[in-house]
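Visitor: Pasting a structure here, questions to come.
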Amino acid sequence: MADQKLFGLELDKGNLEVVRRGDRYFVRYDAGAHQMAWREDEINEQDAMTVGSGKAGEYDVIVRLQTRLGLDAGTSNWQPPT
């Protein structure tokens with residue numbers, strides 16, 4: 012099943028993106044502070060819409076997601092296609 016990009020289509024410019032895969036939503040972003048650590052994490056539909064509302068929404072969703080992930084929040088689990 013192909014991913015449908017919903018928001019943030021420019022990962023190469025440091026943005027995040029939200030994709031829909033079937034009935035599931037995922038956010039892709041660089042979680043690294045001093046080095047790249049690409050992540051793809053599942054979020055719910057409400058969070059997907061919050062990300063689409065702007066920078067404040069993006070920040071809110073990522074902070075809650077990283078709090079939920081704990082120590083794994085900065086560990087890469089995905090790589091953008093080249």
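According to the numbering used here, the stretch in the sequence shown is residues 12 to 93, in order. No residue lacks a Cβ here, since even glycine has one placed at the ideal position from N, Cα and C.
Quick check on DSSP: helix, strand or coil for Leu27?
Guide: As a position in the sequence shown, residue 27 is number 16, starting the count at 1. The DSSP-derived three-state label of Leu27 is coil.
Visitor: Buried or exposed, going by whether 16 or more other CB atoms sit within 10 Å of the CB of Asp58?
Guide: Position 47 of the sequence shown, counted from the first residue, corresponds to residue 58. Buried, because 16 or more other Cβ atoms sit within 10 Å of the Cβ of Asp58.
Visitor: Which residues in the same chain have their Cβ closer than 6 Å to the Cβ of Gln90, if we skip the five residues on either side of it in sequence?
Guide: Residue numbering aside, residue 90 sits at position 79 when the sequence shown is read from its first letter. Within the same chain, Trp49 come within 6 Å of Gln90 by CB-CB distance, once the 5 residues on both sides are set aside.
Visitor: List the residues that DSSP assigns as beta-bridge partners of Tyr36.
Guide: Numbered from 1 along the sequence shown, position 25 holds the residue referred to as residue 36. BP columns for Tyr36 point to Arg31 and Ile54.
Visitor: Grab me the residues of Asn55's own chain with a C-beta within less than 7 Å of its C-beta, minus the 5 sequence neighbours each way, in chain order.
Guide: Numbered from its first residue, the sequence shown carries residue 55 at position 44. Contacts found: Tyr36.
Visitor: Output needed for Arg32: all residues of its chain with C-beta closer than 7 Å, excluding positions within five of it in sequence on either side, in chain order.
Guide: The residue given as residue 32 occupies position 21 in the sequence shown. If we look at Arg32 and ignore the five residues flanking it on each side, its Cβ neighbours are Met12 and Asp14.
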